[in-house]
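*Asks:* My structure is below; once you've seen it, I'll send some questions.
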Amino acid sequence: MFIGTIVYFYYPNKAKSENEFDVPTVFIHGYKGTANSFGTMIERFERNGWGSKQLVYYVSSRGRITTFGTRKEPLNQTFVQVILKNNRANFSDSTEWLASVLRHLKANYDITTVNLVGHSMGGIISLKYIMEYQMENYPSVQKFVAIGSPFDGIYSQEYFNINQDPAATDLKPNSTAFEMLQRGKIPEDIQVLNIGSTGDMVSFPESVKAIRKMVPQDQLQEVIIQDDQLGHSELHESLKVDRLIHSFLVKDVVQ
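Residue numbers 0 to 254, in numbering that gives the first Met the number 0, belong to the letters of the sequence shown in order.
So this is what it looks like as structure tokens:
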């Protein structure tokens, strides 16, 4: 693994409010995602006083990590954004890169527990991380939020006429990657929030709900938003989704 230069800027401490998250929350974009995928959501969270983005991880196509941050020792209410240069890689490679980021987070910042928030394929690789990397050298996951993640694949054949790459191969229903994922199990102490929308024409609600094959009912809260205008990319721009995530991560319940 190659580690890039780390740049720090200092911001004064402030008292933690009841609205702030109590462990660092890591945001992972989806297929073809960029810094913009979660950039504006994190900005909204900051304006609401829920915490602050203090670390950004860039992972090159060869798995090289470069970090930019505002503190050497982030506070609990830190938001960490992960950006994968190769945003069309398969599930296995993408999960390995996420794991390398989280291992670096633990080794360099003494972060032992995180929350994960993933959009689309970011939710899939987050779940795969939870299943495969809960070892001593990696942070444990307290809570996981999936937003518009197609856990049974993308049902539109037209989608695959346009998108042809390793990630697209894995995102096909009944792919080998999904067969392997759906055989996995998550630890019993992790709580999961699964969010979808009736307006999502990429991750249909039926595919979003397929997380039930992998997450026991007593560990899962699920919200399918009834809004035909709330499309796939609009999910991470929705104030309603913001509130659902905050309520789940801070107050343990979806409101």
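All C-beta atoms, glycine included, are put in the ideal place defined by N, C-alpha and C.
To the nearest angstrom, report how far apart I64 and K31 are at their CA atoms.
*Replies:* If you take the alpha carbons of I64 and K31, they lie about 19 Å apart.
*Asks:* Thinking C-beta only, is T197 closer than 8 Å to P204?
*Replies:* Yes, the pair counts as a contact, with Cβ atoms nearer than the cut-off.
*Asks:* Within 10 Å of its beta-carbon, does N89 have 16 or more other beta-carbons around it, so buried, or fewer, so exposed?
*Replies:* N89 should be labelled buried.
*Asks:* As an exercise, report each continuous beta strand (DSSP E) stretch of at least 3 residues that is fully enclosed by the region 154 to 217, in chain order.
*Replies:* Taking only runs of at least 3 residues, the beta strand (DSSP E) segments lying wholly in the region 154 to 217 are 190 to 196.
*Asks:* Rounding to the nearest angstrom, what Cα-Cα distance links V253 and P165 in this structure?
*Replies:* Each residue's Cα considered, the two are about 35 Å apart.
*Asks:* Among the residues of its own chain, which have a CB less than 7 Å from the CB of S237, if the five just before and after it don't count?
*Replies:* If we look at S237 and ignore the five residues flanking it on each side, its Cβ neighbours are L229.
*Asks:* Over the uninterrupted beta strand (DSSP E) stretch that includes Y57, give me the two end residues.
*Replies:* It spans 51 to 58 - the beta strand (DSSP E) in which Y57 sits, taken as one unbroken run.
*Asks:* Taking 8 Å as the cut-off, does the region 137 to 154 touch the region 113 to 128 (at least 3 CB pairs, one atom from each stretch)?
*Replies:* The answer is yes - the region 137 to 154 touches the region 113 to 128, with three or more Cβ pairs under 8 Å.
*Asks:* Using the three-state DSSP reduction, which class does G68 fall into: helix, strand or coil?
*Replies:* The answer is strand: DSSP assigns G68 an E or B state.
*Asks:* Look up L229 in the DSSP assignment and say whether it is helix, strand or coil.
*Replies:* Note: L229 maps to coil in three-state DSSP.
*Asks:* Among L248, Q156, V222, Y137, which one has its Cα closest to the Cα of D109?
*Replies:* Looking at the Cα atoms, Y137 is the closest of the given residues.
*Asks:* If you follow the alpha helix (DSSP H) that K239 is in, where does it begin and where does it stop?
*Replies:* Its alpha helix (DSSP H) spans residues 238 to 250.
*Asks:* Determine the contact status of F26 and V81, defining contact as a CB-CB distance below 8 Å.
*Replies:* A contact, by the Cβ cut-off of 8 Å.
*Asks:* From which residue to which residue does the alpha helix (DSSP H) around S36 run?
*Replies:* Segment 34 to 46, the alpha helix (DSSP H) holding S36.
*Asks:* For T111, is the classification buried or exposed, using 16 other Cβ atoms within 10 angstroms of its Cβ as the cut-off for buried?
*Replies:* Classification for T111: exposed.
*Asks:* Quick one: is P73 buried, meaning 16 or more other Cβ sit within 10 Å of its Cβ, or exposed?
*Replies:* At P73, the pLDDT of 48 sits below 50, so the modelled position is not reliable; the number obtained from the coordinates is stated separately. By the 10 Å Cβ count, P73 comes out buried.
*Asks:* Helix, strand or coil: how does DSSP classify T89 here?
*Replies:* Here residue 89 turns out to be Asn, not Thr, going by the sequence shown. N89: coil per DSSP, three-state reduction.
*Asks:* Which residue wins for smallest C-alpha separation from H28, given the options T94, R46, V207?
*Replies:* Closest by alpha carbon: T94.
*Asks:* Nearest by alpha-carbon distance to E221: which of I244, S155, L192 is it?
*Replies:* That would be L192, whose Cα lies nearest to the Cα of E221.
*Asks:* Check each candidate in Q225, S60, E178 and name the one with the smallest Cα separation from F150.
*Replies:* The shortest Cα separation from F150 among Q225, S60, E178 belongs to E178.
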